[in-house]
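Take 91 as the starting number for the sequence shown in the numbering used here and just add one per residue. The structure under discussion appears below in the form of structure tokens.
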Amino acid sequence: MLHGWRAVAMPLGISFTSFAAIAYLIDATRGDCEVETSFIRLALFLNFFATVTQGPICRAGALLPQLSAEHRFDAARTVRALRLYALGLFKYIAVADVLNMVVDTVFPHYADYSAPMLILTAVMYYFLSVFQSFPAIPRFPVPPVLV
């Protein structure tokens with residue numbers, strides 16, 4: 091039996107794959123895309139991690155040709171991808187997590203603190219950590235796609 095975040099993540103992943111499969115079947119039936127004969131490419135399309143984490147469900151006619159195309163290594167694109175990943179990681183770990191240390195210390199025991207400025211600072215830190223986390227998390231699936 092699954093507990094914690096796995097209990098939520100598992101059904102979400104299954105439903106995303108199911109909806110991607112339904113979208114593929116509709117596209118193939120309508121003739122909007124060619125029927126994919128490679129099980130590996132079809133499985134990659136259905137579970138393409140960049141769209142699973144960020145959405146939306148891609149249309150088969152748009153993504154399958156990109157998966158089948160030949161790609162060459164581009165050093166400039168790889169450097170750009172690594173910079174994006176490093177910036178997202180910095181925002182998430184060095185900024186948001188550090189701010190959350192203060193928030194996690196103050197919020198559970200706010201009645202123990204008599205200084206209103208400390209509580210107000212913790213509230214501001216919370217908003218700043220959310221402000222840094224939201225743009226950082228969607229950056230993580232992008233760099234591998236760029237490479």
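From the three backbone atoms N, C-alpha and C, an ideal C-beta is built for every residue, glycine too. Quick caveat, the model's predicted, so the values are computed rather than measured.
Please confirm whether residue i has its beta-carbon closer than 7 Å to some beta-carbon of chain D.
i	result
valine 169	Of the protein chains in this structure there is only one, and it is not chain D.
Return yes when at least one heavy atom of the ligand SAM lies under 6 Å from the C-beta of residue i, else no.
i	result
phenylalanine 129	The ligand SAM is absent from the structure shown, which contains no ligand whatsoever.
Tell me where the alpha helix (DSSP H) around residue i begins and ends.
i	result
asparagine 190	187 to 196
isoleucine 151	Here residue 151 is glycine; the residue named in the question, isoleucine, does not match the sequence. Where glycine 151 is concerned, the enclosing alpha helix (DSSP H) stretches over 150 to 158.
glycine 178	165 to 179
phenylalanine 135	129 to 136
If distances are taken between C-alpha atoms only, which option among the options comes closest to residue i?
i	options	result
leucine 189	Thr211, Phe106, Ala111	Thr211
phenylalanine 180	Leu154, Glu160, Ser128, Pro225	Pro225
serine 219	Met191, Ala166, Ser105, Leu154	Met191
phenylalanine 77	Tyr200, Ser128, Gly178	Here the chain has residues from 91 to 237 only, and residue 77 is not among them.
leucine 154	Phe163, Ile104, Thr127, Phe217	Thr127
Between the beta-carbon of residue i and the beta-carbon of residue j, is there less than 7 Å?
i	j	result
valine 193	tyrosine 215	yes
alanine 168	asparagine 137	The sequence given here has threonine at residue 168, not alanine. In this structure, asparagine 137 does not lie closer than 7 Å to threonine 168 by Cβ.
Counting Cβ pairs, one atom from each stretch, are 3 or more of them under 8 Å apart for the stretch 124 to 140 and the stretch 148 to 166?
yes
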